[in-house]
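Per our numbering, the sequence shown runs over residues 72 to 232. See structure below.
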Amino acid sequence: MPVPGLPILEGLYPSTMDLYPFEAKEFNRIHPFYENLRQKRFTTTKCKKCGNVPFPPRVVCPECNSEDLEWVDLPTQGKVLRFTEEVAGVPLGFESPLIHALIDLGGGHKLISRIINCKEGQLKEGTAVKLAVFEVPPMIIEKKGVMIEAERVFFAFEPVK
Ligand SMILES: [Zn+2]
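What follows is the structure in structure tokens.
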């Protein structure tokens, strides 16, 4: 099945080239993460038993194995701790520079994310970055015998202007 929406991939590569997760609730037990992301909320799961707040969100607490979890908001702004900037030879479907950063969101929350809307050489350690939500090609799924396009979003971070 071709990946729709990305002209460079249209009809050329099978869906195994798709880099984004199946987000629809029929396939994904952390689908609320993506629904919240669509509302520009950056969320994860908090364990009601031991209080652990891991990222990415889980369906079982990695500390105490409890399944009694709730959704909580994470900060949507942070600071770059370390980063890599790939200028040449970026993978198909990505633009140069391809930047990934370790971001400190505060409160003990750190994550690695792609940085977008950032020129080569612009990012520094300590640069303030904020959540950026963008649409990705929909997933074609079958629902009650009908093929539908399940819309998807994903996130990166971008420098605060
Ligand atoms: Zn727990």
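Beta carbons are placed, not taken as given, at the ideal position from N, Cα and C, and that holds for glycine.
query: C-alpha distance - Ile183 paired with Glu138, whole-angstrom precision; result: 25 Å
query: heavy atom of ligand 1 below 7 Å from Glu134 C-beta; result: yes
query: Residues bridged to Ala227 [DSSP beta-bridge criterion]; result: Ala203
query: Boundaries (first-last residue) of the beta strand (DSSP E) holding Glu106; result: Note, Glu106: premise wrong, no beta strand (DSSP E); alpha helix (DSSP H) at 102-109.
query: Contact test: Lys201 Cβ vs ligand 1 heavy atom, cutoff 7 Å; result: no
query: Cβ separation of Ser121 and Leu140, assumed to be a contact under 8 Å, to the nearest whole Å; result: A small fix is needed here, since residue 121 is Cys in this sequence, not Ser. At roughly 11 Å, the Cβ-Cβ gap does not stay under 8 Å, so Cys121 and Leu140 are not in contact.
query: Endpoints, beta strand (DSSP E) assigned at Lys251; result: Residue 251 falls outside the range modelled here, since the chain spans only 72 to 232, and no answer is possible.
query: Per DSSP, the bridge partner or partners of Arg185; result: His171
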